[in-house]
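Quick note, the sequences are listed as chains P, B and H, same order. Sequential numbering from 1 applies to the first sequence in the working numbering. Sequential numbering from 414 applies to the second sequence in the working numbering. Sequential numbering from 1120 applies to the third sequence in the working numbering. Here the structure comes first, spelled out in structure tokens, and everything after it is commentary.
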Amino acid sequence: MTVRNKKPILVIGGGISGITAAVEIAEVGHEVILIEKEAYLGGHVVKMNNYFPKLCPPACGLEINFQRIRQNTRIEVMVSTELVALSGERGDFKASLRTTPLYVKNTCTACRKCVDVCPEVRPDDFNYGFGSTKAIYLPHDMAFPMKYSIDDRYCKKESCNKCVEICEYEAIDLFAKEEMKEVEVSAVILATGWENYNAGLLDKLHYNEFKNVVTNVEFERLLAPGGPGKGSLLRPSDQKEPKDIVFVQCAGSRDENHLPYCSAVCCPASLKHALTCQERYPGSKIRIFYIDLRVTGRNEDFLKRVEENKNIELVKGKVASIEEIPDSKNLRIEAENTMKSKKIRVETELVVLATGIVPNQPAIEMKTNQYNFMSGEQKSGVYAIACGKKPMDVSSSVKDATAAALKTIQTIR
Amino acid sequence: MVLDKKIGIYICSGCGIGNCLDVTKLSQAASTENTLICKIHKALCSPEGFEIIKKDIEKEQLSGICVAACSPREKTELFNFRDHIQVERINIRELAAWIGEPGEENTQVAAEDYLRMGITKLKTTSIPEPYIEDEICNDILVVGGGVSGVTAAIEGAKAGYTICLIEKENDLGGWANKLYKQIPFKAPYDQLKEPLVTELIAEAENNKFIRIYKSTAILQIDGHPGRFEIAIKHVKTEKIVVGAIVAAMGWKPYNAKALSQLGYGTSDKVLTNLEFETLIKGNPKQRLPGTILFIQCAGSRDKDHLPYCSSYCCGTSLKQTKYIRESNPDSSVYIVYKDIRTPGMYEEFYKEVQRDDRVFFTKGDVEKVETQSEKLKVIIKNTLLGDDISIMADMIILATGMTPATTADLNLSYRLGKGLPELKYEFSDSHFICFPYETRRTGIYAAGALRAPMDISACIEDAGGAMLKAIQCIEATKRGEAVHPRAGDKSYPVLFMDRCTDCKRCTEECPFGMYDETEKGTPLPNPARCRRCGICMGSCPERVISFADFSINSVSAMIKSVSMPDEFEEKLRVLAFVCENDAYPALEMAARKGLKWSPFIRIIPVRCIGSINKVWISDALSCGYDGILQIGCKPGDDYQCHYIQGSELTQKRGENLQETLQTMMLEPERIKTVFVEITDYHKIPVIFEEYMNEIEAIGPNPFKSM
Amino acid sequence: MIEVLPDIQFKKELRRVSKAPLNECIQCGTCSVVCSLAPDEKPFPRKEMIWAGWGMKEKLIANPDVWLCYQCGDCSTYCPRGVKPSEVLAGVRQITYRQYARPRFLGEIMSHPKWLPVALLIPVVIISVILKIAGTLSIPEGPVNYSKFFPHAWLNVSFTLLTFFSYGLAYSGLKKFWKDIKMQFPDFQMKKSYFNSFRESLIAIFSHSRFGKCSSQKSRRVSHFLVFYGFVLLLFVTAYAIVATITHHYPLGFLNPFKIAGNVAGLMLIAGLGMMIINRLFNRKNFGSSNYSDWLLLVSLFFLTVSGLVVEMSRLLNWGSAYHLYFLHLVCVWFVIIYLPYTKFGHLIYRTLAMMIATSIGRN
């Protein structure tokens, strides 16, 4: 089992797939460089409140992965870093990486003193704009790396300087510059993940205009203990706990006018949301409007739990229009119950749009399909995985990352 | 051993530690513990602070250091001296300074106790010498030559490993070989493809790293990761040795005989999807009957048959529709479904099949199938057409599901059973979303439809992942390291067999089947199978088992090193064993959030609460601890315990503990077990407070005065 | 319980006529929801889409819901599968005209562009025969005087008789249509009398109120309003003109109020038809595609209007081609008026009848 090639393997993207690929490769015994464009690892999964079917918190799985990273000296993690260029071939690639300054060094102990003195405020993008943080902020409670960052769009830099003055560990460097680094690697894994489809484009659903229409990823944050409600589900318009919620499946998916494909995970995600909501608020009423309920394998049990819950109603028919009731800011949704051949109008307090997955790509030429999903094998030695390749759930992403790890190891033996 | 160690203790006053605790007094307390050096710094993680430690290690030839500062989960890479010296991270930040009141005496005492506990631990443990098996084999066994097995073999061979691929039939390819055509994996979706498996088989047969054994059965599998000894039989018996195993034995179709109400068995014109595929493959040019009706979810998603969804049947029925339409342009095809499950890009294939004018879809419940002369009358209710309907079909195809093959065919000679543990519905799947390859048998990984119902493209992906885990296991075993979740852990259970009474609790309670039995019935450990959770250590009533860096003695010593207030002081002492995986991070998060709890609590992190040995409880109680709290990860059907059943065992062992307490004439409420999730930080102070109140109500431990 | 036997011929014809993808419908119900004209109970067009997919001709052909649709195209715009329900319904309507056309061959020749020459030939031949019998099948000399070419009496009588003849033939088909609709509702319960339903329907028609409900394309209401009222006005003018020919006050002077009304009607028609044609040609995204019977009606109405104005102009300006244009104009009149029950213009009757029944059973 000779290792012919001692170059490390580059993993681009620090979501659950990238993290998995990196630890799996490192635990076989090879060096890995893991880069992530945000200041923290975890991608979308770290924003989730729980995942199906066990409804356990992703922080648990991520914590084990972070432990594996912490004590594995073969993994180099570079946050706030992106791929700029890639050249070469299998076994011998040259990658240009750009690290955007976070203005906080690794000596940061996350003691929080800087936050108290910072005068500037920014929208909290971790919570999709619900709420705000200071210009110097910790991305989220269990951030890995546990280190603060400065948003230079809002920071007043040397003209303010308060954080620098208060920091006991000299951890802030407001003059930090962008850094470029060239690395030589033997193989590359693209784990660049996805974004949520822009629900503002669904014109009859009025996502941009009506405050109490949110997307599934936003709902995830509303439910999360670290979210804007701190564990209480508070609806955006009046911060009250909604007792009646409607889920709109296939919002902008399976739709020639938006995303023609199916994003695979939105059905189980909405079922998960419904059950989580019900567990927390047993008196709440939830309705899910769908076209086909797509859960496969054992996740069917999950559907059964929902079906057996008297407070959750499943209606086959897509919600095609939403109106707002002016005073209460409640919403009236309209759908046809296709099994009963009846148009129904339902008043509800919160609407969750199950919007789909749009793949991300690194800033280099990629082979993609017509929907911008990357081909699994870009060329020999470069592999795209998980949601950048096709929509899939967490378990499948982990599986895919593990398989890709093997492909990269094949390049060095 | 204890006296030989040159220990340096470094106390950090940063991150608010110095604001709450008197670090000078702490250093004095530490100095009494036989440490060579005791220093204070305002930021041990800073370059200057770290330099001091480094210099001391070199100059004084220290054998171990205690870093009394922040959580061991922070700055881990910095304080990692790669087993050259022992490092004990004593968390006086989260566990004392942040949860206590500044200047409060009890908080100071707590910090001192943690110092003592940490130093004691350092003295009573050692850097583990990894157990490295001799004769580790690099070959990998793949059981099952279907599409998953063949893919796993090819991927493993490409990584330079020799693969033994065993198949019980005469041909490779499994069920995938019986396919006429396959659904397209990528755009355009308008053409069915030749089955991929043919290429894969050719590739495997031409690969010199893959040794193929057809018509071969497994008689027995012995051994452990790094060295599995397999007895196989093909005409005669042969022995092979491998380092890891990928189980890819696949599936078998659901027995449609149970579906007589859908006409199966009563009419020869009612076939399963597999039978239909075989029919077509046998004679692709045959003229199929004019009207064919598919009943989806036949015996699936049904509590009386298979409760789960088999994932592949919607796509397969669409594919078979194309067969029919291509063979007979005058045919009509009906598809009656509960939901059409074509996730992701398969939606394009669904559209493609829909485009045909003579394919008719509706949701509906098939109520009855009647034979009427040469035709079958199908009555369907709850349709989208607004009426109940009846269709006269010439043939009905039941889209039946898959059930897993029997893993007992592996014939593992593990005491816990011949096959792989089943999760649900007989599938050997992992219950961990973030770790899909957990089979509870280290070194043996399940791939493909054996693990969970999946279609061919999912099997191929799964196989690659399982093969990686197999390779990784061999490599880790070569280094004497554990695999997930304690990846990299070099410790392993050391047994002092003199005290062993062959009760075999360790053997039964180990979730991973680490222990076999000798002929005399004595537990026989296989360290390479071990996950280092310590559940066996917790199970042993004779305290036979320990780890070099986590032992019965070291924890007992830690417990005893804590200062014990006398009976008149009216101060409680509570011991809390906290699982490192979910509970401990939750505790730390609570502290980070500024939540507080009683300074009378002494926390000992453990690998799993299943590793808690009864002796620690009795030691604690006889020392005078007023109560013992065990906080771990959730057990139950949706268990989160990272070692499967550690938490559950703790619950079960609770009964034995009650006996211990009774013999000591103590109240059973002194021991409490609580389960938390990693995000339950807000519950931690509540748990502690409730427990402290309960203990106060019971009153102090009478043993305090002794 | 329905015994399913899809009518594949019907489905293929529907696909051909509507050019709609149809098959990829996933029955989501978006179309029914965005349709502001669809009632809550058994709304359209979702159920029509699956009936169309299953070739259930009997469910579609005498289905009043098909006529409650005003082809605004909202459903097609929002349909996530792009299966164009509005065009499918338009296609059903086109097939309906043919289905109930009596005599059948007239319905056939109006259904496909390949028969257009035949459809044109019939009026050309018959008008020529009439002229021959009248003895005026030749181009007269001197200033343009249409009565020299086609004497008024001959024109008025022949065309009136032909109209009544055509409508008379069509009656049996329409009667069957009425009956077939009623059969769709076996537990038919009259919530309103036919008279009241008819009255209500007329009010809705004249006020264009249902157009107003079709929210998205407001211009459709305007264009149809112009065409409708332009045509109504033209009917009055024509009636007056017929009387005027008898009282020898014909042709009408330019400043005659009826003449002015006629020209105004012509302009209204051109404006309305022009809007419709431009929308259907250049704004398919919002207005959907048009099928053959849509175009046939639009074009024939357009030619009718334009030719009428041109004929007037050529009389005033004494063009040499005046009589040829007049002949053309008469062919257009034939197309629009005499062929009415067999073309999309028949929607006057079909839709009104469907609305009556729908209102009677409370389906409005």
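Just so it is clear, CB atoms sit at the ideal spot from N, CA and C, and this is done for glycine as well.
What are the residues that DSSP puts in a beta bridge with residue i?
i, result
"residue 1016 of chain B", "B:989"
"residue 784 of chain B", "B:789"
"residue 247 of chain P", "P:288 and P:352"
"residue 402 of chain P", "Answer is none; residue 402 of chain P lacks a bridge partner."
"residue 194 of chain P", "P:359"
Measure how close the beta-carbons of residue i and residue j come, nearest whole angstrom, since I'm counting them as under 8 Å.
i, j, result
"residue 677 of chain B", "residue 811 of chain B", "6 Å"
"residue 948 of chain B", "residue 983 of chain B", "That belief does not hold up - the Cβ atoms of residue 948 of chain B and residue 983 of chain B are roughly 37 Å apart, past 8 Å."
"residue 63 of chain P", "residue 998 of chain B", "6 Å"
"residue 891 of chain B", "residue 545 of chain B", "7 Å"
Taking 9 Å as the cut-off, decide whether the C-beta atoms of residue i and residue j are in contact.
i, j, result
"residue 510 of chain B", "residue 430 of chain B", "yes"
"residue 702 of chain B", "residue 808 of chain B", "yes"
"residue 18 of chain P", "residue 401 of chain P", "yes"
"residue 953 of chain B", "residue 1060 of chain B", "no"
"residue 190 of chain P", "residue 25 of chain P", "no"
"residue 1464 of chain H", "residue 1447 of chain H", "no"
"residue 1233 of chain H", "residue 1140 of chain H", "no"
"residue 1073 of chain B", "residue 1024 of chain B", "no"
"residue 560 of chain B", "residue 861 of chain B", "yes"
So residue i is in the beta strand (DSSP E); what residue range does that whole segment cover?
i, result
"residue 703 of chain B", "Where residue 703 of chain B is concerned, there is no enclosing beta strand (DSSP E), given that its DSSP letter is neither H nor E."
"residue 1292 of chain H", "Unbroken run through residue 1292 of chain H is the alpha helix (DSSP H), 1271–1303; no beta strand (DSSP E)."
"residue 684 of chain B", "683–685"
"residue 180 of chain P", "179–185"
"residue 575 of chain B", "Segment: none, residue 575 of chain B is in no beta strand (DSSP E) and carries neither H nor E."
"residue 1320 of chain H", "Here residue 1320 of chain H belongs to no beta strand (DSSP E); instead the alpha helix (DSSP H) covers 1313–1326."
Considering just the uninterrupted stretch of the alpha helix (DSSP H) at residue i, what are its terminal residues?
i, result
"residue 1448 of chain H", "1441–1452"
"residue 341 of chain P", "No alpha helix (DSSP H) contains residue 341 of chain P, which DSSP labels as neither H nor E."
"residue 1243 of chain H", "1235–1253"
"residue 365 of chain B", "Absent from the structure is residue 365 of chain B, since the part of chain B shown begins at 414 and ends at 1119."
"residue 95 of chain P", "Element bounds for residue 95 of chain P: not the alpha helix (DSSP H) but the beta strand (DSSP E), 92–99."
"residue 1495 of chain H", "Outside the shown range of chain H (1120 to 1483) lies residue 1495 of chain H, about which nothing can therefore be said."
Out of the options, which one is the CA nearest neighbour of residue i?
i, options, result
"residue 981 of chain B", "B:599, B:664, B:854 and B:1116", "B:1116"
"residue 759 of chain B", "P:290, P:263 and P:204", "P:263"
"residue 1192 of chain H", "H:1163, H:1215, H:1170 and H:1178", "H:1163"
"residue 614 of chain B", "B:818, B:1072 and B:584", "B:584"
"residue 314 of chain P", "P:268, P:139 and P:356", "P:268"
"residue 1407 of chain H", "H:1138, H:1239, H:1143 and H:1251", "H:1138"
"residue 54 of chain P", "B:1054, B:1103 and B:629", "B:1054"
"residue 1137 of chain B", "B:935, B:874, B:752 and B:417", "Residue numbering for chain B in the displayed model covers 414 to 1119; residue 1137 of chain B lies beyond these limits and cannot be assessed."
"residue 1090 of chain B", "B:1001, B:601, B:427 and B:1114", "B:1001"
"residue 690 of chain B", "B:957, B:592, B:500 and B:653", "B:592"
"residue 1112 of chain B", "B:942, B:1098, B:1083 and B:1070", "B:1083"
"residue 756 of chain B", "B:871, B:462, B:1057 and B:1085", "B:871"
"residue 750 of chain B", "B:771, B:1019, B:710 and B:742", "B:710"
"residue 527 of chain B", "B:440, B:476 and B:487", "B:440"
"residue 130 of chain P", "P:106, P:71 and P:223", "P:223"
Going along chain C in order, which residues have a C-beta closer than 7 Å to the C-beta of residue i?
i, result
"residue 1165 of chain H", "Absence of chain C from the displayed structure is noted, the protein chains being P, B and H."
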